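Letter by letter, the sequence shown follows residues 468 to 860 of this note's numbering. Presented below is the structure to which this report refers.
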Amino acid sequence: MKPVIRVRLTKKIKLFFGNELVRFTIVAAFVVFVAAILSYLMEREAPQTQVKSFGEALWMSVVTFTTTGYGDKVPVTIAGRLTMAALMFSGIILAGILTGQIAGVLVQRSLQKLRGFVDMENRKGHFVICGWKKDMEKVIEQILIRNKDLTGEDIVVIAHLSDDLRMSLKQNEMFKAIDIINGDYFNEAVLKRANVKHAAKILILADDNKSVSTTEIDSRTVMTAMTIENIAKDTYVVAELIDRKFEPYLRMAKVDEIILSREYGRSLIANACLSAGVAHVVYDLLDVHSGSMVTTKEIPQTFVGHKFSELSTHFRSKHNSILIGILENTGNVFKMKRDAIKEAQKNPDISLIVSQLKDTKAIKSNQPVLNPNDDYVIKKNCSAVLIETVSNL
468 MKPVIRVRLT
478 KKIKLFFGNE
488 LVRFTIVAAF
498 VVFVAAILSY
508 LMEREAPQTQ
518 VKSFGEALWM
528 SVVTFTTTGY
538 GDKVPVTIAG
548 RLTMAALMFS
558 GIILAGILTG
568 QIAGVLVQRS
578 LQKLRGFVDM
588 ENRKGHFVIC
598 GWKKDMEKVI
608 EQILIRNKDL
618 TGEDIVVIAH
628 LSDDLRMSLK
638 QNEMFKAIDI
648 INGDYFNEAV
658 LKRANVKHAA
668 KILILADDNK
678 SVSTTEIDSR
688 TVMTAMTIEN
698 IAKDTYVVAE
708 LIDRKFEPYL
718 RMAKVDEIIL
728 SREYGRSLIA
738 NACLSAGVAH
748 VVYDLLDVHS
758 GSMVTTKEIP
768 QTFVGHKFSE
778 LSTHFRSKHN
788 SILIGILENT
798 GNVFKMKRDA
808 IKEAQKNPDI
818 SLIVSQLKDT
828 KAIKSNQPVL
838 NPNDDYVIKK
848 NCSAVLIETV
858 SNL
């Protein structure tokens, strides 16, 4: 056995047997086993004995220790009765201690979860939200409304919250199932605790939980994105920015989708002044309680290489949805570049490989092409941009 493995194994063994609950369990099992041996030796040759095998002696010891008292096996000798009496009192004491230990462990775990110390080591496919909003309850409520396949148990929030706020949140029915990890979301150790490497998606919010400047808020977003890029390259990342000047840094961190919240507000105001009713149209398309919404859907592989007009007819006839555009290079940009490089290396022509590698380097994820010509050709790694009717609101 390698020295490193031996040291790790030794540490795990020491940690296991150092647990008080484990030690008390071992003591209880030892007491029961010794009492079974003694009672078997004392009872096996006694007249009218009810203990004719070690198995029966062990059963009698377990029943006596737990004070269950079935009465199907009882000692007939004085020594056997004294042994069982001593075992009975030992059982009352040790069982009480064990019950207290188990209750203590459960309470401790509950308090740790409440305080944000959650174990995510085996968590996979979850949705991680980094940061906090003052209207966070409404944000998560709308996320759950729009994503029918998502439940509170799938969401993990990383935020630096006060004990009082966490306690009050757990009184909210919606937050009871949501795991909250207490800590700075831009800290690598905290992100690893959330097991972001195996998350399905990560959302980095422009955290307004503290009174800091917008520059500091965006700087933390960039730090978080860069950290995630190092430890979870394959995970789809969405980040919110307040100031657009930080966008290039998020691009360098391979963020798949950037939300420019302040920029959207300005654009909406400008368009509302230009065209009547634009604000109402945009609001209805984004409102979770509206009957229609803008969404993206995966394009069937059979339509790759076909025209936009054919795909439009497909979605209109099969899904009663209006195709308004195509989202090119959909998904995780790191995965797309890695797949594109593998594909380029298969080409025997060196000049074509160099050209394809240049194109690969220039790939930007989630590039919208709105209202293209009917003869626009559908490419690989694209999604359809649709306006569709929402059912069961």
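Glycine included, every Cβ here is placed at the ideal spot set by N, Cα and C. Bear in mind the structure is a predicted one, so any value in this text is a computation, not a measurement.
Inter-residue spacing [alpha-carbon to alpha-carbon] between residue i and residue j
| i | j | result |
| --- | --- | --- |
| Ile771 | Arg729 | Per the sequence shown, the amino acid found at residue 771 is Val instead of Ile. Their Cα atoms are separated by approximately 36 Å. |
| Ile610 | Gly598 | 15 Å |
| Glu683 | Ser776 | 46 Å |
| Ala502 | Met551 | 7 Å |
| Ser784 | Ile766 | 15 Å |
| Asn654 | Gly619 | 24 Å |
| Leu658 | Ile625 | 8 Å |
| Thr797 | Lys764 | 10 Å |
| Met555 | Lys615 | 55 Å |
| Leu717 | Ile596 | 17 Å |
| Lys519 | Met527 | 11 Å |
| Gln768 | Ser832 | 19 Å |
| Gly547 | Asp621 | 56 Å |
| Arg590 | Ala553 | 46 Å |
| Ile607 | Arg687 | 21 Å |
| Thr492 | Met509 | 26 Å |
| Gly583 | Leu632 | The predicted model places Gly583 with a pLDDT of 49, which falls under 50 and marks its position as unreliable, so this point remains unresolved. |
| Gln638 | Arg733 | 37 Å |
| Asn799 | Val530 | 59 Å |
| Thr780 | Met603 | 40 Å |
| Phe521 | Ile504 | 7 Å |
| Tyr731 | Leu565 | 59 Å |
Test: residue i CB closer than 8 Å to a CB of chain D
| i | result |
| --- | --- |
| Lys643 | The chain inventory of the structure shown lacks chain D, comprising one protein chain alone. |
Residues of its chain near residue i, where Cβ-Cβ distance is below 8 Å and the 5 sequence neighbours each way are ignored
| i | result |
| --- | --- |
| Val857 | Ser757, Gly758, Ser759, Met760 |
| Val494 | Leu561 |
| Thr534 | Met555, Gly558, Ile559, Ala562 |
| Asn676 | Gly598, Trp599, Lys600, Lys601, Ala626, His627, Leu628 |
Same chain, Cβ closer than 7 Å to residue i, neighbours up to 5 away in sequence not counted
| i | result |
| --- | --- |
| Glu795 | Gln834, Val836, Lys846, Cys849 |
| Asn838 | Ile791, Gly792 |
| Val663 | Val595, Ile669, Ile695, Ile698, Ala699, Thr702 |
| Ser506 | Val518, Ala524, Met527, Ser528, Pro542, Gly547, Thr550, Met551 |
| His786 | Glu855 |
| Thr681 | Ile709, Asp710 |
| Thr762 | Leu853, Glu855 |
| Asp841 | Lys774, Phe775, Ser776 |
Which of helix, strand or coil DSSP assigns to residue i
| i | result |
| --- | --- |
| Tyr749 | In the sequence as presented, Tyr is not what sits at residue 749; that position holds Val. Three-state result, Val749: helix. |
| Ile610 | helix |
| Pro835 | strand |
| Leu708 | strand |
| Tyr703 | strand |
| Val623 | strand |
| Cys597 | strand |
| Leu853 | strand |
| Glu795 | strand |
| Leu670 | strand |
| Asp646 | strand |
| Gly583 | Residue confidence for Gly583 is low, a pLDDT of 49 falling below 50, so the modelled location carries little weight and cannot support an answer. |
| Thr769 | helix |
| Thr516 | coil |
| Leu727 | strand |
| Ser779 | helix |
| Met760 | strand |
Same chain only: Cβ atoms within 6 Å of residue i, ignoring 5 sequence neighbours per side
| i | result |
| --- | --- |
| Ser788 | Phe782, Leu853, Glu855 |
| Leu636 | Phe642 |
| Val498 | Ser557 |
| Asn738 | Val745 |
| Leu727 | Leu708, Arg711 |
| Phe532 | Val499, Leu554, Gly558 |
Distance between beta carbons of residue j and residue i, contact taken as under 8 Å
| i | j | result |
| --- | --- | --- |
| Asp685 | Leu708 | 6 Å |
| Ala656 | Met587 | Wrong, their Cβ atoms sit about 12 Å apart, outside the cutoff. |
| Arg613 | Val755 | 5 Å |
| Leu735 | Val749 | 6 Å |
| Leu753 | Ala851 | The Cβ separation is near 18 Å, so there is no contact. |
- [ ] Determine, using beta-carbon pairs with one atom in the region 654-670 and one in the region 687-697, whether at least three such pairs fall under 8 Å.
- [x] yes
Open item on the list: Assess contact between the region 555-570 and the region 648-658, defined as three or more Cβ pairs (one per stretch) separated by less than 8 Å. Is contact present?
Closed with: no
Open item on the list: Tell me whether the region 506-518 and the region 529-543 touch, counting them as touching only if at least three CB pairs, one residue from each stretch, are closer than 8 Å.
Closed with: yes
Task: the region 734-746 touching the region 702-714, judged by at least three CB pairs closer than 8 Å - done: no
TODO: Evaluate contact between the region 696-705 and the region 719-735, counting only Cβ atoms and requiring at least three cross-stretch pairs below 8 Å.
DONE: yes
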